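*Asks:* The listed protein sequences derive, respectively, from chains A and B. For the first sequence, this note's numbering begins at 187 and goes up steadily by one. For the second sequence, this note's numbering begins at 187 and goes up steadily by one. In this text, a Cβ means the ideal position worked out from N, Cα and C, and glycines have one as well. Source: prediction; values computed, not measured. Okay, here's the structure, questions in a sec.
2 protein chains.
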Amino acid sequence: MNQIFMRERDRLKEDMLSLAGEVEMRLGDVLKAAERRDSESLLNWIDRDSEIDEDEVKIEEECLKILALHQPVARDLRFVVAVLKINNDLERIGDIVVNIAEKGLRLAEAPAIDIFGWLLQMGKIAREMLKSSLDAFVSLDVSKAAAVILRDDELDAMKKKVAETVVQRVNEADTGAMTGALLLMHGVARDLERIGDHATNIAEDVAYLSEGRIVRHKRAAAQPQG
Amino acid sequence: MNQIFMRERDRLKEDMLSLAGEVEMRLGDVLKAAERRDSESLLNWIDRDSEIDEDEVKIEEECLKILALHQPVARDLRFVVAVLKINNDLERIGDIVVNIAEKGLRLAEAPAIDIFGWLLQMGKIAREMLKSSLDAFVSLDVSKAAAVILRDDELDAMKKKVAETVVQRVNEADTGAMTGALLLMHGVARDLERIGDHATNIAEDVAYLSEGRIVRHKRAAAQPQG
């Protein structure tokens, strides 16, 4: 049974990493597609969001199965709960990637603006944060997790820069289409900032998993509350 | 033991509802404070976000304790996992409320704009969605949960309306301060939309809790995977 648990735990980890890799790849692809105004590719990723949702449900079911069958405690329990939470973050990132793709479709019809490079740079950081947070989770590397949390400040600073540039450009803009395009870019910057927030959440789970919080077994068992 | 479990489950439910009520109240208060440009009140809520974070940690610890001690299965297990997820949503909503308060501080220094009424209306819907989603959870009322999910479309439509108005007004704006204020309002509308998304997530958990998904006990127990 212990060996079965270990096998299932390993499979759970692999499935979660595979979902993370998929989401990270899609983020990169959607940003590149938005840059080259490739509506077909954007529509493809929007259509295929259900795959991410299905993977999330599958991983959650795996977690529930492990909890019900193996009733893990201590670090094993914290591991499964951390996967439940990370799984949730990954699914939300998948939703945000779809939001970016939808904005990309509208940007493809809008005047070109030269601040797209900022968004690509933000996307690169967000992807690196996501990848590092999962590496930190797998290797229980608390200092790597701390580095992810620090990088979130970098991403936030870039988003602020984009927001300031948008305000300035909007004041110079002479058409509604230009203003609309600038606001869409601002929206993409916010989306990328949120992806960074999710990566930060994952990094925070690493500290939780490796250091643990006190689960008050004894008090609860000894004296019924009420 | 079963009675202890039931008591702990009830306490967990109460703690979660209390956190939900607190978050909902703060959202209402922050929007009202932003409307009357009450920076002191806004700062107060920003400072006190740590209370929400502490409640979230406490509820998560309760969940872990229950899982470790009582090793619930079937519907009881799904209940605890649903609380873990909802707890997460509530904490994120708390963060978004802080984001709104921070924007409110900047709006307090900016020129007044008459679209604030839209934001109050969006806030009202978001609060009602949050409240209904938790009512639906407590009473396992799937049709109430479905109504929450439908209301999210209403909220999204209002957000679109705000975005369109912002684009239009920005084109008429003649100062950077006015443009900045309009973009902040657009940001608040997006924040409220995200709160609606979290309420929708909670409503979706109700369907999951009341109908359940198949947790494949037998196959996993009978044949080790590899």
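1. Near R376/A, which residues of its chain fall below 8 Å by C-beta distance, leaving aside the five closest residues on each side in sequence?
2. Name the chain A residues whose beta carbon is nearer than 7 Å to that of G366/B?
3. With DSSP collapsed to three states, give me the class of I335/B.
4. Closest to A363/A by C-alpha separation, out of A367/B, V353/B, T361/B and L369/B, would be which residue?
5. Among P297/B, W231/B, L198/B and L320/B, which has the Cα closest to the Cα of E390/B?
6. Measuring only between beta-carbons, confirm whether L133/A sits less than 7 Å from chain B.
7. Using C-beta distances below 7 Å, list every residue in its chain close to A219/B, excluding the 5 sequence neighbours before and after it, in chain order.
8. Please tell me whether L276/B and V324/B are closer than 7 Å, where the distance is taken between their beta carbons.
9. How about the region 248-267 of chain A and the region 286-303 of chain A: do they share at least three Cβ pairs that are nearer than 8 Å?
10. Is there a Cβ from chain A that is less than 7 Å from the Cβ of A254/B?
11. If we define contact as Cβ-Cβ less than 7 Å, is N357/B a contact residue for chain A?
12. Any chance the region 380-394 of chain B sits against the region 383-397 of chain A, with 3 or more Cβ pairs inside 8 Å?
13. Using only alpha-carbon positions, find the residue among K317/A, E340/A and L341/A that is nearest to A331/A.
14. According to DSSP, is T351/A helix, strand or coil?
15. CA-CA distance, V334/B and L305/B?
16. Would you mind telling me which residues of chain B sit closer than 9 Å to L369/A, beta carbon to beta carbon, in chain order?
17. State the start and end residues of the unbroken alpha helix (DSSP H) segment that holds V283/B.
18. State yes or no: is the beta carbon of G412/A nearer than 7 Å to at least one beta carbon in chain B?
19. Please report the distance separating the alpha-carbon of G412/B from that of L255/A.
20. Between A294/A, A343/A, L293/A and G280/A, which lies nearest to I311/A when the distance is taken from Cα to Cα?
21. Are the beta-carbon atoms of V392/A and A322/A separated by less than 7 Å?
22. Under 7 Å Cβ-Cβ, which residues of chain A neighbour V267/B?
23. If we define contact as Cβ-Cβ less than 7 Å, is V392/A a contact residue for chain B?
24. Comparing the C-beta of Q257/B with each C-beta of chain A, is any distance below 7 Å?
25. Measure from the alpha carbon of G309/A to the alpha carbon of each residue in R212/A, S236/A, D201/A and Q257/A, then state which is nearest.
26. Taking R376/B as the query, report the chain A residues whose CB atoms sit under 9 Å from its CB, ordered along the chain.
27. For G362/B, go through chain A and note every residue whose CB falls closer than 8 Å to its CB, in chain order.
28. Considering only the beta carbon of each residue, do R292/B and L217/B sit closer than 7 Å?
29. Are the CB atoms of G214/B and R313/B within a distance shorter than 7 Å?
30. Suppose the cutoff is 8 Å on Cβ atoms and the five residues either side in sequence are ignored; what does the same chain contact list for N273/A look like?
31. Figure out for me which residue from M192/B, E194/B and R222/B has the closest Cα to the Cα of A296/B.
32. Check the Cβ of N274/A against every Cβ in chain B and list those closer than 8 Å, keeping chain order.
33. Under the rule that 16 or more other beta-carbon atoms within 10 Å means buried, what is E358/B, buried or exposed?
34. Please say whether I232/A and A294/A have beta carbons closer to each other than 7 Å?
35. Provide the residue span of the alpha helix (DSSP H) that contains L370/A, from first to last.
36. Using a Cβ-Cβ cutoff of less than 8 Å, which residues in the same chain neighbour T351/A once the five nearest sequence positions on both sides are dropped?
*Replies:* Based on what the coordinates show:
1. Excluding sequence positions up to five before and after R376/A, its CB lies within less than 8 Å of the CB of K345, all in the same chain and listed in chain order.
2. Chain A residues near G366/B: V353.
3. Of the three classes helix, strand and coil, the one that applies to I335/B here is helix, per DSSP.
4. When the alpha-carbon of A363/A is set against those of A367/B, V353/B, T361/B and L369/B, the nearest one is in V353/B.
5. Taking only the C-alpha atoms, the option nearest E390/B is L320/B.
6. Shown here, chain A extends from 187 to 412; a query on residue 133/A therefore has no answer.
7. Within the same chain, A219/B has close Cβ partners S227, L228 and G290.
8. No, Cβ-Cβ distance for L276/B and V324/B is not below 7 Å.
9. Flag = no, the region 248-267 of chain A and the region 286-303 of chain A do not touch.
10. Yes, contact with chain A.
11. By this cut-off, N357/B is an interface position.
12. Touching, no, given that fewer than three Cβ pairs across the two stretches are closer than 8 Å.
13. When the alpha-carbon of A331/A is set against those of K317/A, E340/A and L341/A, the nearest one is in K317/A.
14. In this structure, T351/A counts as helix in the three-state DSSP scheme.
15. When rounded, the distance between both Cα atoms is 19 Å.
16. Simply A349, V352, V353, V356, L369 and H372.
17. For V283/B, the uninterrupted alpha helix (DSSP H) run begins and ends at A260 to A294, by DSSP.
18. For G412/A, the predicted model reports a pLDDT of 34, less than 50, meaning its position is unreliable; a value from the coordinates is still stated below. Interface residue, yes.
19. Low per-residue confidence applies at G412/B: pLDDT is 34, beneath 50, and the placement is therefore not dependable enough to give any value.
20. Of A294/A, A343/A, L293/A and G280/A, the residue nearest in Cα terms is A343/A.
21. The answer is yes: Cβ separation under 7 Å.
22. Contacts between V267/B and chain A, judged by CB atoms closer than 7 Å, involve L250 and L270 in chain order.
23. It does not: the Cβ of V392/A has no partner Cβ on chain B nearer than 7 Å.
24. Yes, its Cβ sits closer than 7 Å to a Cβ of chain A.
25. Closest in C-alpha terms to G309/A, from the list R212/A, S236/A, D201/A and Q257/A, comes R212/A.
26. Chain A residues near R376/B: G373 and R376.
27. Neighbourhood of G362/B in chain A, by CB distance below 8 Å: V353, Q354 and N357, in chain order.
28. For the 7 Å CB-CB criterion, R292/B and L217/B do not form a contact.
29. Between R313/B and G214/B, the C-beta spacing is below 7 Å.
30. Hits under 8 Å: M202, L205, E242, I245, E246 and C249.
31. Checking every option, the nearest Cα to that of A296/B belongs to R222/B.
32. The CB of N274/A comes closer than 8 Å to the CB of K271 and N274 in chain B, given here in chain order.
33. Counting Cβ neighbours within 10 Å, E358/B comes out exposed, since fewer than 16 surround it.
34. Contact check for A294/A against I232/A fails: the beta carbons are separated by 7 Å or more.
35. Counted as a single uninterrupted DSSP element, the alpha helix (DSSP H) harbouring L370/A occupies residues G362 to E397.
36. For T351/A, where only same-chain residues beyond five positions count, the Cβ hits under 8 Å are I301 and W304.
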